[in-house]
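Visitor: Everything in the sequence shown is counted per our numbering, starting at 13 for the first residue and increasing by one.
Every residue gets a Cβ at the ideal spot worked out from N, C-alpha and C, and that includes glycine.
After the structure tokens below, expect a handful of questions from me.
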Amino acid sequence: MIGVIGGGRMGAAIAQIFASDGCDVILVEPDGKTRAAIPARIAAICEARRQDDAASRVATRAAMDDELAGCALVIEAAPEKLELKQAIFERLSALCGPATILATNTSVIPVTDIGARASHPERVVGTHFWNPPYAVRLVEVVQTAATSPETVERTMALMARAGQMPVHVRRDVPGFIGNRLQHALKREAIALVQNGVCDAATVDFVIRNSFGARLGIMGTLEQSDLVGLNLTLDIHKVILSDLDRSTEPQKLLVDLVAAGKTGASAGEGFRTWNDEERAELQGRLDRALLPPRG
Ligand SMILES: NC(=O)c1ccc[n+]([C@@H]2O[C@H](COP(=O)([O-])OP(=O)(O)OC[C@H]3O[C@@H](n4cnc5c(N)ncnc54)[C@H](O)[C@@H]3O)[C@@H](O)[C@H]2O)c1
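Printed below as a string of structure tokens:
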């Protein structure tokens, strides 16, 4: 049995993955409206993945209780707030026996901090899924200084069994691997726009039609190896000192958010959006990530 704490965007989709793999799942979601919508959301994901409806394997609950003691793994997918996650881990520690692995789906908060009030830190681990987890199957399994090797091994095995692609992150650094890389790129992208080098649409056009076109096939370090490391060395001697090194969120981003320009759902972010444009981009992404209908 698998436990999932928080039935929002990520939690419901994570529950679907394990339910479709044949596991019984307990999904804890305190918000009544969100909780009531979970069976339909799971059915919709199964339909999109052309799998049988697995909603009957997911038992929804309003609060955590000692039923969770029967879980091999409990994954927390509650809002990205440290204090809230610490309280959940403290409560899970009290409810679950030492055989239950306690995992967090945090995007960037150190797993060590989230598990600070857990009674068995050796069974606390990060499991960073990507959105949507059934289509982007990588899971970063994050080991803290206290996580036991056995916890890492069992977590990796459970992820692989459910059809995900686990990688072992050996140190608990904020953002793990993927988000560190993604946000290093985003920082430079924002700087290019802020400094008037080009507009936001041009940044994204360049990414999609240059190195981005290769990234799904060849990783960035493989690419350096392929062309020869001396080229990367020569380039770095010139460019590294000029790249953006902001250690705080950049002014352009802060100003946009302060003005309510928070992105596609607000009608404007780095660019302007209407509902059709938003739906068209989301549809294109879904078609690329999910298997085509037969
Ligand atoms: N959305 C993404 O793309 C993404 C990707 C990877 C990781 N994450 C991480 O996953 C976590 C969840 O993100 P999300 O996008 O699903 O958020 P969300 O807001 O969609 O879902 C969070 C859910 O947790 C519920 N909740 C609130 N308090 C709770 C409590 N005390 N106990 C149990 N549930 C509670 C909320 O009602 C909500 O339904 C965050 O840590 C986030 O950083 C998100």
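1. Taking the beta carbon of N242 as the centre, do at least 16 other beta carbons fall within 10 Å, making it buried, or is it exposed?
2. Heavy atom of ligand 1 less than 7 Å from the Cβ of V136, yes or no?
3. How would you write the range of the alpha helix (DSSP H) that T214 sits in, first residue to last?
4. What does a CB cutoff of less than 6 Å around S236 pick up in its chain, not counting 5 residues either side in sequence?
5. Ligand 3 and S222: does the residue's C-beta get closer than 7 Å to at least one heavy atom of that ligand?
6. Within the same chain, show all residues whose beta-carbon is closer than 8 Å to that of T46, passing over the 5 residues directly before and after it, in chain order.
7. Which residue comes first and which comes last in the alpha helix (DSSP H) that contains E162?
8. Do the CB positions of A84 and I38 come within less than 8 Å of each other?
9. Just to confirm, is the Cβ distance from L302 to A147 under 8 Å?
10. Of all the options I219, T124 and P144, which has the alpha carbon lying nearest to the alpha carbon of R135?
11. Less than 8 Å separating the beta-carbons of Q176 and V137?
12. Quick one: which unbroken beta strand (DSSP E) runs of 3-plus residues sit fully inside the segment 68-141? Chain order, please.
13. Applying the 10 Å Cβ sphere with the 16-neighbour rule, what's the burial state of K97?
14. Buried or exposed, going by whether 16 or more other CB atoms sit within 10 Å of the CB of Q2?
15. What does the alpha-carbon distance come out to for the pair K249 and D256?
16. Would you check if the distance between the CB atom of V218 and the CB atom of A212 is smaller than 8 Å?
Guide: Based on what the coordinates show:
1. exposed
2. no
3. A212 to N221
4. T244
5. With respect to ligand 3, the structure shown offers nothing to examine, as its ligands consist of ligand 1.
6. G19 and G20
7. P161 to R173
8. no
9. yes
10. T124
11. no
12. 70-73, 85-88, 113-116 and 136-141
13. buried
14. What is shown of the chain runs 13 to 306, which leaves residue 2 out entirely.
15. 15 Å
16. no
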